[in-house]
Amino acid sequence: VHHARGEDLVEDSLKTLEEEFGSRFVRIHRNCLVAREQLVELRRHAGTVQAILRDVAQPLEVSRRCVAQLRHVLAAP
113 VHHARGEDLV
123 EDSLKTLEEE
133 FGSRFVRIHR
143 NCLVAREQLV
153 ELRRHAGTVQ
163 AILRDVAQPL
173 EVSRRCVAQL
183 RHVLAAP
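Note that the numbering used here has the sequence shown beginning at 113, numbered continuously upward.
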């Protein structure tokens with residue numbers, strides 16, 4: 113019997129959302145999707161990359177594997 117960990121269930125759910133609503137959401141971190149229109153800029157801070165979001169006071173740390181995709185999203189017209 114295979115028991116799924118909660119983290120795996122979250123990952124599977126996010127993959128499903130990305131596939132279905134990929135034009136609307138962008139992955140910031142392994143377990144975090146954000147609406148594309150919320151993404152304002154990326155900023156380097158203390159060796160990390162943070163996403164600055166519209167109407168959100170606290171920046172979100174961006175995982176390294178997501179930085180290139182986020183830069184691409186921000187560069188798109």
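For each residue, glycine too, the CB sits at the ideal point set by N, CA and C.
P171 versus R148 - alpha carbon distance: In the sequence shown, residue 171 corresponds to position 59, counting from 1. In the sequence shown, residue 148 corresponds to position 36, counting from 1. Roughly 15 Å between the two C-alpha positions.
Proximity winner among Q181, E173 and A188, relative to V138 (alpha-carbon distances): Translated into positions along the sequence shown, residue 138 becomes position 26. Here the closest residue by C-alpha is Q181.
Cβ shell of L154 (< 8 Å), same chain only, five flanking positions each side left out: Within the sequence shown, numbered from 1, the residue matching residue 154 stands at position 42. Only V161, Q162, A163, I164, V174, V179, L182, R183 and L186 meet the Cβ criterion.
C-beta contact flag for N143 and L129 at 8 Å: For the purposes of this step, residue 143 is taken as residue 31 along the sequence shown, with counting starting at 1. For the purposes of this step, residue 129 is taken as residue 17 along the sequence shown, with counting starting at 1. No; because the gap between Cβ atoms is not below 8 Å, this pair is not in contact.
Unbroken stretches of the alpha helix (DSSP H), 4 residues or longer, contained in the stretch 146-188: 176-187
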